[in-house]
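Everything in the sequence shown is counted per numbering that gives the first Met the number 0, starting at 0 for the first residue and increasing by one.
What follows is a short report on a single structure.
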Amino acid sequence: MQCPIHHVDFREVPAGVSKTTGKPYNAFMACPERGCREKPPKPEWAPEAVRQQYAPTTVVKEDKPDWDKIAEGKVRHGVICAMLENGRTYEEISTTYQKYVELIIQEQPF
């Protein structure tokens, strides 16, 4: 379908998050000419083929990061690096690093 004013094909604007409001929006079809407010007919009024072609896609919300898990991973990394620098063997590290991670995170002696 084409814009009745500019005679160019409508393009799909992908789903995203508004820069001004921060709210997510679904994908939609619009005229590619800047400032043009023309849009194709609503899907319920269009033939079946057009309705499927211009069906909006939904916004995929990303899960919020698990900061506790991220922090634990960073502590684990630091503990293992320190143990390697002190010449500990793989066996020593694999059997004791978790105790040090828990000590640092939970602030409780083992």
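By construction, the Cβ of each residue, glycine as well, lies at the ideal position given by its N, Cα and C atoms.
Min CB distance I104 to chain C below 7 Å: In the displayed structure, chain C is absent; only one protein chain is listed.
C-alpha gap between E99 and F9, whole angstroms: Numbered from its first residue, the sequence shown carries residue 99 at position 100. Numbered from its first residue, the sequence shown carries residue 9 at position 10. Note on residue identity: the sequence assigns Tyr, not Glu, to residue 99. Their Cα atoms are separated by approximately 59 Å.
Pairwise C-alpha distance: Y24 and K18: Numbered from 1 along the sequence shown, position 19 holds the residue referred to as residue 18. Numbered from 1 along the sequence shown, position 25 holds the residue referred to as residue 24. Roughly 11 Å separates the two Cα atoms.
A81 versus K63, G72 and I92, residue with shortest Cα-Cα distance: Mapped onto the sequence shown, residue 81 falls at position 82. If we check each option's Cα against that of A81, I92 comes out closest.
Extent of the continuous alpha helix (DSSP H) run through R75: Start at 1 with the first residue of the sequence shown, and residue 75 comes out as number 76. Unbroken alpha helix (DSSP H) run through R75: W66 to E84.
Beta-carbon contacts of E32 that lie in its chain and below 6 Å, excluding the five residues immediately before and after: For the purposes of this step, residue 32 is identified with residue 33 of the sequence shown, where counting begins at 1. H5, listed in sequence order.
Residues sharing a beta bridge with Q105, DSSP: Residue numbering aside, residue 105 sits at position 106 when the sequence shown is read from its first letter. In the DSSP secondary-structure assignment, Q105 is not bridged to any residue.
Which residues DSSP lists as bridging P23, in chain order: Counting from 1 along the sequence shown, the entry for residue 23 is found at position 24. BP columns for P23 point to V16.
V78 classed as buried or exposed, judged by whether at least 16 other C-beta atoms fall within 10 angstroms: Walking along the sequence shown from the start, residue 78 turns up at place 79. That one is buried.
V12 beta carbon less than 7 Å from that of A29: The count along the sequence shown starts at 1 and reaches residue 29 at position 30. The count along the sequence shown starts at 1 and reaches residue 12 at position 13. Their beta carbons are under 7 Å apart, which means A29 touches V12 by this criterion.
Pick from K38, G72, K22 and R36 that is closest to Q97, judged by C-alpha positions: Taking the sequence shown and counting its residues from 1, one reaches residue 97 at position 98. The shortest Cα separation from Q97 among K38, G72, K22 and R36 belongs to G72.
Reduced DSSP category for E11 - H, G, I as helix; E, B as strand; rest coil: Your numbering for residue 11 matches position 12 in the sequence shown. DSSP places E11 in strand when its eight states are reduced to three.
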